[in-house]
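Encoded as structure tokens, the structure appears first; notes follow it.
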Amino acid sequence: MNKTRYDRFPEVAVAGYPNQAWRGWESIMAVLKARLSGATRTVLVIDCYPGVRLNELQSQLLADLNAALTINSETARKNTQALHHLLARNLTDDRVFGVLSCHQLHEFFDEAQLDTLRLQVENIRSGLVIVYGPGASLVHPGDVLIYADMPRWEIQQRMRSGELGNWGAENSDEELLRRYKRAFFVEWRVFDRHKTPLLKRMDYLLDTTVADAPAMVSGEALRAGLEQTTRRPFRVMPFFDPGVWGGQWMKERFDLDPSAPNYAWCFDCVPEENSLLLRFGNVRIEIPSQDLVLLYPRPLLGEKVHARFGAEFPIRFDFLDTIGGQNLSFQVHPLTEYIQQQFGMHYTQDESYYILDAEPGATVYLGIKTGTQPQAMLADLHAAQRGEKSFADDRFVNAIPARKHDHFLIPAGTVHCSGAGTMVLEISATPYIFTFKLWDWGRLGMDGMPRPVHLNHGEQVIDWQRDTDWVMQNLVNRIEPLAEGDGWREERTGLHEREFIETRRHWFTAPVLHHTHGGVNVLNLVEGEEARVESPSGAFEPFIVRYAETFIIPASVGEYRISPWGKGQGQQLATIKAWVRG
């Protein structure tokens, strides 16, 4: 298997601000001292996303600023018991699923204690006052405002190591699934709402993703960099994760750590989870790519997509690797009304499997076999869950051969899973944790614990009409030729009419002209080594994409052209493109 030059750390080079970003505590300290000097009284507010190491801020920054008063905003936070009472309805008793929170951050604080902190700040008439911590701007808006942000993937790594529990929960030893659930359904929603107006007015953003290796950028430069990003192709930083069913394809093709047991997932384009790397001169800043969605949703998503989804990126591209691995869990995703009523999510996880590669004999499990009686299949699943037997998949479920470049459509309600021996590019709507496992092949997770099975949810959303004939007619390789020209042809490959995402495949040996038509495009180079994305009018610098890399074309880009490039010249290339149907 040949390695590809897949870029694991793609950057956006920001023009015009080479001297407005700084690396290291010493440089950051010098900038702040210059900014804070000369004023009779200054309030410095350092508001933080949960997961930022406050002890690092205290020892490396605050201790040397010689403040007349330093306040940690967390001293006004409600206690653990009060927060649990506040959030009980959202957290539920389930290990995986909660209800999306609509709370505002001030609800997590004791208002009387906030008033006490505010009074302490007002009573200082001269010198420097520092307020820091999550929610610090609730105490004072800040004469100088720093926002210390934190990417979600790094938060998860700190959770996994046992360093980090949930904010205000003192639960760093609780199982990871429950900590992630609380973060996903509550904390990240609340803090994204809180930080959005702060990002619009902050003086500096502080990046402490790497311990003891901070970087800082001016708010003006960051906002300009994000605005520039909405006018050009870009990639977010992918992350890779092992799993009980994981394979070896990505490890070998992408030159990943050979000591890892496997790699199951790659989140190649999930802006809610991925980081965005911005380069200002010789300084790289890592931020959640969600910041781009929160601050510039209209030029990024387009008017129609923004009107429908708000500041959410609705399309997800990720990889599922079972080559040399095992079957995914047998699963189903909730119908729209079910995800709305049970979890507070306004759209559901329709998806598809595009097969990047497959071993001989590989299969995809999709839909139920014609003639299946629902109660018989459910009884078999329940017996399997009790450990009485293995689920008789060969009796109830279609196993369909999977070959390279096949495309399987999976509207919500369809039972499915990728079998061993496949490398899947999963194209889906973004609410990615709403998977109801029906059967996990009798195995334990990588932590030695049974993985959660949700038959109680799954049996309520299975569409029993999606039998063998229906699946083969509607969901397997619905390839429709659309257009062709000199050295290229375009095909529609899906998705199903119940899914809001449209996909097109272009085969090409010559340049192909594309247009966003006012909506964000997400693409992956699924065949060929290298291509170049360019603006016919020169509106952005040419952008090089390599095999299996996912890239985003913001809605505001409009017309763009993709051509064979470098090692891709003389090859048959192909892209798969997704966008939200109008």
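In numbering that gives the first Met the number 0, the protein residues as written are 0 to 581. Even for Gly, the Cβ is constructed at its ideal location relative to N, Cα and C.
- Here residue 215 is bridged, per DSSP, to 21, 205.
- Here the segment 406 to 413 makes contact with the segment 360 to 379; the two share three or more CB pairs at distances below 8 Å.
- As the crow flies, the alpha-carbon of residue 22 is around 13 Å from that of residue 203.
- Straight-line measurement puts the Cα of residue 481 at about 34 Å from the Cα of residue 433.
- For residue 376, the secondary structure class from DSSP, reduced to helix, strand or coil, is helix.
- Where residue 156 is concerned, the enclosing alpha helix (DSSP H) starts and stops at 151 to 159.
- A direct Cα-Cα distance of roughly 47 Å separates residue 249 from residue 32.
- For residue 406, the enclosing beta strand (DSSP E) has its first and last residue at 406 to 409.
- For residue 523, the enclosing beta strand (DSSP E) starts and ends at 520 to 526.
- Contact check between the segment 33 to 47 and the segment 120 to 130: three or more CB pairs, one atom from each, fall below 8 Å, which counts as touching.
- Counting C-beta atoms within 10 angstroms of its own C-beta, residue 380 has 16 or more neighbours from the protein chains shown and is therefore classed as buried.
- Taken atom to atom, the span from the alpha-carbon of residue 96 to that of residue 263 is near 22 Å.
- For residue 358, no alpha helix (DSSP H) run applies, since DSSP gives it neither H nor E.
- Sequence-distant partners of residue 535 (beyond 5 residues in either direction) whose C-beta falls short of 6 Å from its own C-beta, in its chain, are 558, 560.
- Around the C-beta of residue 260, fewer than 16 other C-beta atoms lie within 10 Å, and the residue is accordingly described as exposed.
- Looking at the backbone, the Cα of residue 93 and that of residue 15 are separated by about 49 Å.
- Inter-residue distance for residue 197 and residue 342 is about 28 Å (C-alpha atoms, whole angstroms).
- Assigned with DSSP and collapsed to three states, residue 390 falls in coil, not helix or strand.
- Under the DSSP assignment, residue 306 falls in the alpha helix (DSSP H) whose first and last residues are 302 to 308.
- Residue 69 and residue 60 do not touch by the CB rule: their CB atoms are close to 11 Å apart, not below 8 Å.
- For residue 480, the enclosing beta strand (DSSP E) stretches over residues 479 to 484.
- The C-beta separation of residue 409 from residue 351 comes to about 6 Å, placing the pair in contact by the 8 Å criterion.
- Comparing alpha-carbon positions, the option among 156, 157, 338 lying closest to residue 430 turns out to be 338.
- Within its own chain, the residues whose Cβ lies closer than 7 Å to the Cβ of residue 51, once the five positions on either side in sequence are excluded, are 147, 149, 207, listed in chain order.
- DSSP, reduced to helix, strand and coil, places residue 148 within a strand of the structure shown.
- Scanning its chain for C-beta atoms nearer than 6 Å, with the 5 sequence neighbours on each side dropped, one finds around residue 556 the residues 515, in chain order.
- Here the alpha carbon of residue 492 sits roughly 39 Å from the alpha carbon of residue 194.
- Secondary-structure assignment with DSSP links residue 246 through a beta bridge to 262.
- Residue 568 has its alpha-carbon roughly 52 Å from the corresponding atom of residue 373.
- Taking the Cα of residue 332 as reference, the smallest distance to any Cα among 349, 234, 283, 573 is reached at 349.
- A residue is called buried when at least 16 other Cβ atoms come within 10 angstroms of its Cβ; residue 211 does not meet this threshold and is exposed.
- Beta-bridge partners assigned by DSSP to residue 126: 40.
- Under the three-state reduction of DSSP, residue 298 is assigned to helix.
- Under DSSP, residue 422 forms a beta bridge with 320, 356.
- With fewer than 16 other CB atoms across the displayed protein chains lying within 10 angstroms of its CB, residue 386 is exposed.
- Membership of residue 577 in the beta strand (DSSP E) is indicated by the continuous run 572 to 579.
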